[in-house]
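Q:
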Amino acid sequence: MNMQIHYSLLAVALLATSLRAETRPNIIVIVADDLGYADMSFLPQSPRDVNTPALDQLASEGTYFSNAYSTSPICSPSRCGLITGRYQQRWGNYWYGQGGLPNEEVTLPQVLRKLGYSTKKIGKTHLNGGPAQHPLDHGFDEFVGFIHHTWDYIRLSEKDLAAYQERADGKPLGILNVGPLERDKGQAASYEDGFTTEIFTDEALKTIVAGKDTETPFFVQLEYNAVHMPTYVTDPDYAKKAGYEQPVWNRDADKWEFPFWDPRQISWNDWHRKWGHLGEVDPLGRKRYLANLIALDDGVGRILQSLKDTGQRNNTIVVFLSDNGGTINTYSNNAPLRGYKYMFGEGGVRIPIIVSWPGHLPQGQKRHGLASGMDVFPTVVELAGGVSPENLDGRSLVPSLQDHAADSGHEYLCFADGKMTWSIRQGDWKLINSPGWTHPNYRLDEANVAHPAEEYVYPDGLVLFDLKNDIGETRDISLSKPERVKNMTALYDAWRGEMGKPVSGKVRPAKK
Numbered sequence: 000m001n002m003q004i005h006y007s008l009l010a011v012a013l014l015a016t017s018l019r020a021e022t023r024p025n026i027i028v029i030v031a032d033d034l035g036y037a038d039m040s041f042l043p044q045s046p047r048d049v050n051t052p053a054l055d056q057l058a059s060e061g062t063y064f065s066n067a068y069s070t071s072p073i074c075s076p077s078r079c080g081l082i083t084g085r086y087q088q089r090w091g092n093y094w095y096g097q098g099g100l101p102n103e104e105v106t107l108p109q110v111l112r113k114l115g116y117s118t119k120k121i122g123k124t125h126l127n128g129g130p131a132q133h134p135l136d137h138g139f140d141e142f143v144g145f146i147h148h149t150w151d152y153i154r155l156s157e158k159d160l161a162a163y164q165e166r167a168d169g170k171p172l173g174i175l176n177v178g179p180l181e182r183d184k185g186q187a188a189s190y191e192d193g194f195t196t197e198i199f200t201d202e203a204l205k206t207i208v209a210g211k212d213t214e215t216p217f218f219v220q221l222e223y224n225a226v227h228m229p230t231y232v233t234d235p236d237y238a239k240k241a242g243y244e245q246p247v248w249n250r251d252a253d254k255w256e257f258p259f260w261d262p263r264q265i266s267w268n269d270w271h272r273k274w275g276h277l278g279e280v281d282p283l284g285r286k287r288y289l290a291n292l293i294a295l296d297d298g299v300g301r302i303l304q305s306l307k308d309t310g311q312r313n314n315t316i317v318v319f320l321s322d323n324g325g326t327i328n329t330y331s332n333n334a335p336l337r338g339y340k341y342m343f344g345e346g347g348v349r350i351p352i353i354v355s356w357p358g359h360l361p362q363g364q365k366r367h368g369l370a371s372g373m374d375v376f377p378t379v380v381e382l383a384g385g386v387s388p389e390n391l392d393g394r395s396l397v398p399s400l401q402d403h404a405a406d407s408g409h410e411y412l413c414f415a416d417g418k419m420t421w422s423i424r425q426g427d428w429k430l431i432n433s434p435g436w437t438h439p440n441y442r443l444d445e446a447n448v449a450h451p452a453e454e455y456v457y458p459d460g461l462v463l464f465d466l467k468n469d470i471g472e473t474r475d476i477s478l479s480k481p482e483r484v485k486n487m488t489a490l491y492d493a494w495r496g497e498m499g500k501p502v503s504g505k506v507r508p509a510k511k
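In numbering that gives the first Met the number 0, the protein residues as written are 0 to 511.
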């Protein structure tokens, strides 16, 4: 550990000595994966097929930030931004496989641990690969989950893994990860009849129940893999709730039919292109997505209920957000935004953030100032009575939470993929530079059945939008606002100059 980090953490520890451990709130940060911007039923733009009573309850007990953003339109970089409170581009982490998480970066659990918290990571950990991303190396005391881009929802046992390895006959399983999850460091967590969303919720409940009998406050970072692909495989009970029948997984069957991949019939790459990227539109695709959304919402509801049952709700901060925008590949709904995951339109980077602490923060509120996933770090640290490192890019949302007229602290937010695509949001203005994008699309009929449609086209070039009057980014006004384009480009260029160069296959310290 370098001296700068040592003194930063020491300062946090010293400033915390005036606070008794039992006076500090518990903290639970819940992260959804690829959640559609419209797919929460408390929102006015929510479609009729969405019902999320637990998320609705959480929003009613807290504050919803309507202009919140991830630091990337994809999950791995944005999760680095969340845990460090900094632009991950500072150490060259722009896209998949770039930069990882340097050991020099101070993380949220490290700071909270110095404040006397127990720290537990549950679920997905995808910090751009390599051994440097393990949660136990970055401030967590406990870990249950997986360290990969994705994991199967239900095939979580040693027997499932063995069945796939046998049928693959030495061929790679691609990014379909099946078999046991990991507990702490290297210990297999095998489940014969498990479902990841329920398993991860159960792990959070264990910490909540144990927390009522200890003076040590807890921090839980719960990162669901819902609603990330492969959403075509889910728990049969949740499939019924979404209006369709999910076949029961039988690892001993002679032939595996859709929605289960059979290596004897088709290669993983061909399977993934077909079902993971809409090479063939799945008529039940939207319903499969909704089944996993129902499961996620049930998990949030169980957590809120457990906090109430154990008398800890008013002593627990709950934060909810998504890692990035929804993806068209899983039939999410980003209305009224343009674009999806991977894209720099609003649909790729605008996310929900909800902060709830009944009895201490206003309830049933909305805030419209700029916010970022990076802000979670300084916000919960301030609410916990600590002080964050000075080099954070995130800004505490506490002033905005306490006063609707308070400034969010961000004059602008920048986004970049390290190549040609970038954007900047300043006030109501959004400037995007993109080489363009096309993707297969689908349409839904009145029965919520998906059908093929024309390709989705994401235009190229430098475009400017007035989001106050055009949230869907439909009218490019760059030609009529040359000075604004010039000024925002200069702001972006200055920001980009502070960031590191994109790296590949290695981890290096931040440029600044």
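Quick reminder that beta carbons are idealized off the backbone N, C-alpha and C, glycines included.
Computed from a predicted model, the values in this text were never measured in an experiment.
1) The alpha helix (DSSP H) with Thr-437 in it runs from where to where?
2) Give every residue of the same chain whose Cβ lies closer than 6 Å to the Cβ of Arg-58, excluding the five residues on either side of it in the sequence, and list them in chain order.
3) Looking only at its chain, what residues have a beta carbon closer than 6 Å to the beta carbon of Ser-71, apart from the 5 residues adjacent to it on each side?
4) Distance check for Asn-486 and Lys-480, CA to CA, integer angstroms please.
5) Could you have a look at Trp-428 and say whether DSSP puts it in helix, strand or coil?
6) Reducing DSSP to helix, strand and coil, say where Ala-459 ends up.
7) Just mark Ala-383 as buried or exposed, buried being the case when its beta carbon has 16 or more other beta carbons within 10 Å.
8) Could you check if Trp-270 belongs to the surroundings of the ligand MN, using beta carbon to heavy atom distance under 7 Å?
9) Since Thr-83 and Glu-104 are thought to touch, with beta carbons under 8 Å apart, how far apart are those beta carbons, to the nearest angstrom?
10) Let's see if you can read the secondary structure: which residues bound the alpha helix (DSSP H) around Ala-446?
11) Could you give the C-beta distance for Phe-343 and Ser-433, rounded to a whole number, given that I count them as a contact under 8 Å?
12) Measuring alpha carbon to alpha carbon, tell me which of Ile-27, Ile-198, Val-28 and Arg-47 ends up nearest Ala-446.
13) Please go through the same chain and pick out, in chain order, the residues whose beta-carbon is closer than 8 Å to the beta-carbon of Gln-401, but skip the five residues on each side of it.
14) In whole angstroms, what separates the C-alpha of Tyr-455 from that of Glu-279?
15) Got a sec, what are the start and stop residues for the beta strand (DSSP E) Tyr-233 sits in?
16) Can you confirm whether the region 455-474 touches the region 287-303 when touching is taken to mean that 3 or more C-beta pairs between the two stretches lie within less than 8 Å?
17) I need the DSSP call for Glu-104, collapsed to helix, strand or coil.
18) Looking only at its own chain, which residues have a Cβ that is under 7 Å from the Cβ of Ala-188, when we skip the five neighbours before and after it?
19) Over what stretch of residues does the alpha helix (DSSP H) that includes Tyr-93 continue unbroken?
20) In chain order, what residues of the same chain lie with their CB nearer than 8 Å to the CB of Ala-20, ignoring the 5 residues before and after it?
21) Using only alpha-carbon positions, find the residue among Ala-452, Val-448 and Met-228 that is nearest to Pro-439.
22) Out of curiosity, what's the CA-to-CA distance linking Asp-201 and Gly-363?
23) Check Ser-422 in the structure and name its three-state DSSP category.
24) Please check the pair Tyr-330 and Gly-284, which I expect to be a contact at CB under 8 Å, by giving their CB distance rounded to whole angstroms.
25) So, is Gln-540 buried or exposed, given that buried needs 16 or more other C-beta atoms within 10 angstroms?
26) Let me confirm a value: Val-208 is counted as buried when at least 16 other C-beta atoms fall within 10 Å, else exposed. Which label applies?
27) Helix or strand or just coil, what does DSSP make of Glu-482?
28) Going straight from the alpha carbon of Glu-497 to that of Tyr-491, what length do you get?
A: Considering the structure as presented:
1) Element bounds for Thr-437: not the alpha helix (DSSP H) but the beta strand (DSSP E), 436-438.
2) Inspection of the sequence shows that residue 58 is occupied by Ala rather than by Arg. Correct list, in chain order: Phe-41 and Ile-353.
3) Excluding positions up to five away in sequence, the list reads Ser-77.
4) Using only the alpha carbons, I get a separation of about 10 Å.
5) Trp-428: strand per DSSP, three-state reduction.
6) Reading off the sequence, residue 459 comes out as Asp, not Ala. If DSSP states are grouped into helix, strand and coil, Asp-459 belongs with coil.
7) The residue in question, Ala-383, is buried, as its Cβ has 16 or more Cβ neighbours within 10 Å.
8) With respect to small molecules bound, the structure shown includes none, and the ligand MN cannot be examined in it.
9) The C-beta distance from Thr-83 to Glu-104 rounds to 5 Å, short enough to meet the 8 Å contact threshold.
10) Unbroken run through Ala-446: none, as it is neither H nor E.
11) 6 Å between Cβ atoms; contact.
12) Sorting Ile-27, Ile-198, Val-28 and Arg-47 by C-alpha distance to the C-alpha of Ala-446 places Arg-47 at the top.
13) Result list for Gln-401: Leu-360 and Pro-361, in chain order.
14) A straight-line Cα-Cα distance of about 15 Å links Tyr-455 and Glu-279.
15) The sequence given here places Thr at residue 233; Tyr does not occur at that position. That residue, Thr-233, is in no beta strand (DSSP E); it is neither H nor E in DSSP.
16) No: fewer than three Cβ pairs fall under 8 Å.
17) Reduced to three states, the DSSP call for Glu-104 is coil.
18) Same-chain partners within the cutoff: Val-143, Pro-179, Leu-180, Glu-181 and Arg-182.
19) Run containing Tyr-93: none; DSSP gives neither H nor E here.
20) Confidence in Ala-20 is poor, its pLDDT being 45 and thus under 50, which makes the residue's placement unreliable; the coordinate value appears in the next sentence. Cβ-Cβ distances below 8 Å link Ala-20 to Gly-115, Glu-214, Thr-215 and Pro-216 in the same chain, with the five nearest sequence neighbours on each side left out; the list follows chain order.
21) For Pro-439, the nearest C-alpha among the options comes from Ala-452.
22) When rounded, the distance between both Cα atoms is 28 Å.
23) It is a strand residue.
24) Going by Cβ atoms, the distance from Tyr-330 to Gly-284 rounds to 4 Å, so yes, they are a contact pair.
25) Within the shown structure, residues of the chain are numbered from 0 to 511, placing residue 540 beyond reach of any answer.
26) It counts as exposed.
27) The answer is helix: DSSP assigns Glu-482 an H, G or I state.
28) Distance between the alpha carbons of Glu-497 and Tyr-491 is about 10 Å.
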